[in-house]
Amino acid sequence: MTAQSSSRASKPAGDLVQIEFDDNTLLPQLFGQHDAHLDRIERELGVSMVSRGNRLAITGPSARASAARAALTVLYDRLKRGLDVDQGAVDAALRHAHEGGAALLDSEIQTRKRRVSARNPNQAAYIRALRSHEMVFGLGPAGTGKTYLAVATAVDLMMSGKVERIILSRPAVEAGERLGFLPGDLRDKVDPYLRPLYDALYDMLPGEQVQKRLLSGEIEIAPLAFMRGRTLAHAYVILDEAQNTTPVQMKMFLTRLGEGARMAVTGDLSQIDLPRGARSGLADALATLEGVDGVGRVAFTQADVVRHPLVARIVQAYDERDRRSAERRSAEDE
1 MTAQSSSRAS
11 KPAGDLVQIE
21 FDDNTLLPQL
31 FGQHDAHLDR
41 IERELGVSMV
51 SRGNRLAITG
61 PSARASAARA
71 ALTVLYDRLK
81 RGLDVDQGAV
91 DAALRHAHEG
101 GAALLDSEIQ
111 TRKRRVSARN
121 PNQAAYIRAL
131 RSHEMVFGLG
141 PAGTGKTYLA
151 VATAVDLMMS
161 GKVERIILSR
171 PAVEAGERLG
181 FLPGDLRDKV
191 DPYLRPLYDA
201 LYDMLPGEQV
211 QKRLLSGEIE
221 IAPLAFMRGR
231 TLAHAYVILD
241 EAQNTTPVQM
251 KMFLTRLGEG
261 ARMAVTGDLS
271 QIDLPRGARS
281 GLADALATLE
291 GVDGVGRVAF
301 TQADVVRHPL
311 VARIVQAYDE
321 RDRRSAERRS
331 AEDE
């Protein structure tokens, strides 16, 4: 198989870097259909690649050729561990080729349906924190895997017997009085707010397992208000969209932590839907718990977005707009 096509740019000048792969059967997946993955790496890094047998030659400026090799090495290691390589994985490997991509290899979660691994250094740090801390705050924009990885960790710990149950919760910010006008019983009213948590669970466990564990109480999905007055022991408890809690709600939730339990709190402080002027319970908790032993935090940025590449650009555009607005307000105050 030749990893060079006539549609590619002329061969750039520079150093020659070679990689030798020990399993030819993985190369079609590594290179992508019609060498699509190699094409993407070439375009992004400005290098040229040609394969012969189990060897791949990379030509280009030294730093770029080394970055291409690092990205391909991470992707090849994913395949050797039984993980897929898709466009998202390629983009993540490219973004973090200079940030020690090999460090991602020890950050992996095994669930009943799939093996989940970190796609960038911040995800790797997050997985390590979820495993080693009793309480972890995962902060950052949509698409960075905050909730998904927390649910994967919870499923892994439940299946291995380290926790007895999983409790997933979100604040239903729009609920309030509006719930009364929605059709159906209470579950029908709140399910739309909890749907992302259901989606993550069904990605980790067979559907019949999810239903069985929901009925038995081993998995519970409930609005934040349902947590009041409870002590949650031997459970993995996840609070999603935590930026939409009030300080009182957040304190109530955090103090539910019981014996043998762990908590993950996820949120995006740039997406607060509380009434104007109301303080976010997530911001309040982060300030209050700074330096408290046993509490970890990992902050993601738009560079960590692992959804469609356009999502990262959208997040960046909004961040830029918010920055300019803040600068204008500051100038007007002066």
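Numbering (this note's numbering), first residue to last: 1 to 334. The beta carbon of each residue, even a glycine, is placed where N, CA and C say it ideally should be.
Whole angstroms are fine: how far does the CA of residue j sit from the CA of residue i?
i, j, result
"Ala70", "His37", "14 angstroms"
"Ala299", "Gly140", "6 angstroms"
"Lys80", "Leu26", "8 angstroms"
"Glu20", "Gly53", "9 angstroms"
"Ala92", "Val305", "8 angstroms"
"Asp284", "Val248", "10 angstroms"
"Gln110", "Gln271", "31 angstroms"
"Gly32", "Asp333", "54 angstroms"
"Ala233", "Met250", "18 angstroms"
"Val265", "Pro196", "15 angstroms"
"Arg170", "Leu224", "5 angstroms"
"Gly161", "Ser216", "16 angstroms"
"Val85", "Asp39", "14 angstroms"
"Leu194", "Arg119", "25 angstroms"
"Glu208", "Asp22", "39 angstroms"
"Arg321", "Gln302", "14 angstroms"
"Glu290", "Asp199", "32 angstroms"
"Val295", "Arg43", "42 angstroms"
"Arg165", "Pro275", "34 angstroms"
"Ala222", "Phe253", "12 angstroms"
"Ser48", "Thr73", "16 angstroms"
"Gly145", "Val50", "34 angstroms"
"Asn24", "Arg78", "15 angstroms"
"Gly60", "His34", "22 angstroms"
"Leu182", "Gly82", "Reliability of the predicted coordinates at Leu182 is poor, the pLDDT of 48 falling under 50, and no value is obtained from them."
"Arg324", "Leu269", "17 angstroms"
"Leu130", "Gly138", "9 angstroms"
"Val210", "Leu201", "7 angstroms"
"Ser132", "Asp15", "42 angstroms"
"Glu241", "Ala331", "32 angstroms"
"Thr255", "Leu239", "13 angstroms"
"Ala172", "Tyr126", "26 angstroms"
"Asp318", "Ala326", "Note on identity: in this sequence residue 318 is Tyr, with Asp being the wrong assignment. Cα-Cα distance, rounded: 12 angstroms."
So who's on the other strand from residue i, going by DSSP bridges?
i, result
"Ser169", "Ala222, Leu239"
"Ala299", "Leu139"
"Ile19", "Leu56"
"Leu232", "Leu257"
"Ser48", "Thr59"
Of the choices the options, whose alpha-carbon is the least far from that of residue i?
i, options, result
"Asp273", "Ile127, Ala283, Thr245", "Thr245"
"Ile121", "Ile167, Glu108, Val248", "What sits at residue 121 in the sequence shown is Pro, not Ile. Ranking Ile167, Glu108, Val248 by Cα distance to Pro121 puts Glu108 first."
"Arg128", "Arg112, Thr144, Leu149", "Leu149"
"Ile41", "Leu75, Pro247, Tyr126", "Leu75"
"Leu94", "Ser51, Ala124, Ala65, Ser117", "Ala65"
"Pro310", "Leu232, Val237, Gln87", "The displayed chain sequence assigns Leu, not Pro, to residue 310. Of Leu232, Val237, Gln87, the residue nearest in Cα terms is Gln87."
"Ala341", "Gln316, Ala235, Leu130", "The first residue shown for the chain is 1 and the last is 334, placing residue 341 beyond what the model contains."
"Leu45", "Leu56, Gln302, Glu208, Ala63", "Ala63"
"Met227", "Ser216, Gly296, Gly258, Ala89", "Gly258"
"Asp293", "Leu72, Glu134, Tyr202, Ile219", "Glu134"
"Gln335", "Thr147, Arg112, Lys113", "The chain is shown only over 1 to 334; residue 335 falls outside these bounds and no answer can be derived."
"Ile167", "Ala125, Arg131, Arg213, Phe137", "Arg213"
"Pro206", "Asp319, Ala235, Ala125, Arg112", "Arg112"
"Ser117", "Ala89, Gly138, Phe137, Val136", "Ala89"
Is DSSP giving residue i helix, strand or coil here?
i, result
"Arg64", "helix"
"Ala57", "strand"
"Arg131", "helix"
"Ala264", "strand"
"Glu327", "helix"
"Glu332", "helix"
"Arg115", "strand"
"Ile109", "strand"
"Ser270", "coil"
"Gly294", "coil"
"Pro206", "coil"
"Asp77", "helix"
"Ala278", "coil"
"Val90", "helix"
"Asp84", "coil"
"Ser160", "coil"
"Thr245", "coil"
"Val151", "helix"
"Thr25", "helix"
"Asn122", "helix"
"Thr144", "coil"
"Ala287", "helix"
"Ile314", "helix"
"Arg321", "helix"
"Ala97", "coil"
For chain C, is any of its Cβ atoms less than 9 angstroms away from the one on residue i?
i, result
"Tyr318", "Chain labels in this structure do not include chain C; a single protein chain is all it has."
My understanding is that residue i touches residue j, with C-beta atoms under 8 angstroms, so please give their C-beta distance in whole angstroms.
i, j, result
"Ala67", "Gln18", "Not confirmed; about 15 angstroms, so no contact."
"Leu157", "Val151", "Incorrect: roughly 11 angstroms between the Cβ atoms, too far for contact."
"Leu282", "Gln243", "5 angstroms"
"Met204", "Val237", "With 8 angstroms as the limit, Met204 and Val237 do not qualify as a contact, their Cβ atoms being about 16 angstroms apart."
"Val136", "Arg328", "That belief does not hold up - the Cβ atoms of Val136 and Arg328 are roughly 36 angstroms apart, past 8 angstroms."
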